[in-house]
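Undergrad:
Residue numbers (this note's numbering): 29 to 289.
Structure representation (structure tokens):
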């Protein structure tokens, strides 16, 4: 089997272990580095999706663009409070660039890859602007659950502002939307003529997106962050249902076309 297949299998195993360790709060301190590995592997799978979808060179180029631009955007937030608001990281997430853990760039790659795959199934013919805007909303959707858990439960970073939503400022979500919108726009423009759907990896990176979202939702529920669970899970279930319906409809249409031919 190909290496990318085994990477996906590794992610599923790592994910299962993570759900148990984090869910029961039994992750030992010496194993904190596992969180970095988890984010990096999830991000690499986003890169694998772009690799299969846009070809090797374009896929690598788009993946690096997502990682570097997202790290730069996070740098603006950490250093100057621009885009996301005032916050700082409290734990070692491994190597950093511009004061931002590299793993965060990979997390963005997973989010952008997942939201891209979802929209290519649900809204395959949407104009680039519409596609990018909804892609931005899907990025905000997953952050609605990641941020409260990461800040309140795991204390990976700290917000210095106050708000009704776990003291996470609205600027964080608007910053996520803007950053994701720009990244989707770049991908849409740069890869317009290169996109080739690969159902296997479209499904796999979509699964990664939802698995990460549901894991954080579980952690939020276990720590009674019910507002975060409600804000994220209701739209997430609707998006997942839309994706499943769209994939089944697409498979049915392709089957009918083959019968006609």
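Positions of the beta carbon are idealized from the N, C-alpha and C atoms, including for glycine. Here the structure is a predicted model, which is why all the values come from computation and not from measurement.
Beta-carbon separation of residue 116 and residue 188 under 9 Å?
TA: yes
Undergrad: Around the C-beta of residue 186, are 16 or more other C-beta atoms found within 10 angstroms, so that it is buried, or is it exposed?
TA: exposed
Undergrad: Residue 172 and residue 162: beta carbons closer than 9 Å?
TA: no
Undergrad: Per DSSP, residue 185 is paired with what?
TA: Partner(s): 117.
Undergrad: For residue 155, name the three-state secondary structure that DSSP assigns.
TA: coil
Undergrad: How is residue 128 classed by DSSP in three states: helix, strand or coil?
TA: strand
Undergrad: Assign residue 220 to one of three DSSP states: helix, strand, or coil.
TA: coil
Undergrad: Residue 300: buried (16+ other C-beta within 10 angstroms of its C-beta) or exposed?
TA: Nothing about residue 300 can be read from this structure; the chain reaches only from 29 to 289.
Undergrad: What number of angstroms, rounded off, separates the C-alpha of residue 80 from the C-alpha of residue 264?
TA: 26 Å
Undergrad: If you count every other CB in all the chains shown that lies within 10 Å of the CB of residue 34, and 16 or more means buried, which is it?
TA: By the C-beta density criterion, residue 34 is exposed, having fewer than 16 other C-beta atoms within 10 angstroms.
Undergrad: Please list the segments of the alpha helix (DSSP H) lying wholly inside the segment 60-105, counting only runs of 4 or more residues, in order along the chain.
TA: Secondary structure within the segment 60-105: the alpha helix (DSSP H) runs of 4 or more consecutive residues, fully enclosed, are 61-82 (chain order).
Undergrad: Quick one: any contact between the segment 209-229 and the segment 134-145, if contact means 3 or more CB pairs under 8 Å?
TA: yes
Undergrad: What did DSSP end up calling residue 2 once you bin it into helix, strand or coil?
TA: An answer regarding residue 2 cannot be provided, because it is not within the stretch 29 to 289 covered by the chain.
Undergrad: Buried or exposed, going by whether 16 or more other CB atoms sit within 10 Å of the CB of residue 53?
TA: exposed
Undergrad: Output needed for residue 248: all residues of its chain with C-beta closer than 7 Å, excluding positions within five of it in sequence on either side, in chain order.
TA: Cβ within range, chain order: 173, 176, 177, 256 and 257.
Undergrad: If contacts are defined as beta-carbon pairs under 8 Å, then residue 216 and residue 159 qualify, I think. What distance do you get, rounded to the angstrom?
TA: Sure, about 6 Å apart at Cβ, within 8 Å.
Undergrad: Beta-carbon within less than 8 Å of residue 251's beta-carbon, same chain only, minus the 5 sequence neighbours each way: which residues are those?
TA: Taken in chain order, the residues that qualify are 177, 180 and 181.
Undergrad: For residue 44, count the other beta carbons within 10 Å of its own beta carbon; 16 or more makes it buried, fewer makes it exposed. Which is it?
TA: exposed
Undergrad: Rounded to whole angstroms, what is the Cα-Cα separation between residue 40 and residue 67?
TA: Going by C-alpha positions, residue 40 is about 13 Å away from residue 67.
Undergrad: Is it true that the CB of residue 77 sits closer than 9 Å to the CB of residue 141?
TA: A contact, by the Cβ cut-off of 9 Å.
Undergrad: Could you check the C-alpha separation between residue 168 and residue 31 for me, to the nearest Å?
TA: Rounded to the nearest angstrom, the two C-alpha atoms are 31 Å apart.
Undergrad: By how many angstroms is the C-alpha of residue 111 removed from the C-alpha of residue 49?
TA: 33 Å
Undergrad: Compare the beta carbon distance of residue 121 and residue 95 with 9 Å and say whether it is the shorter of the two.
TA: no
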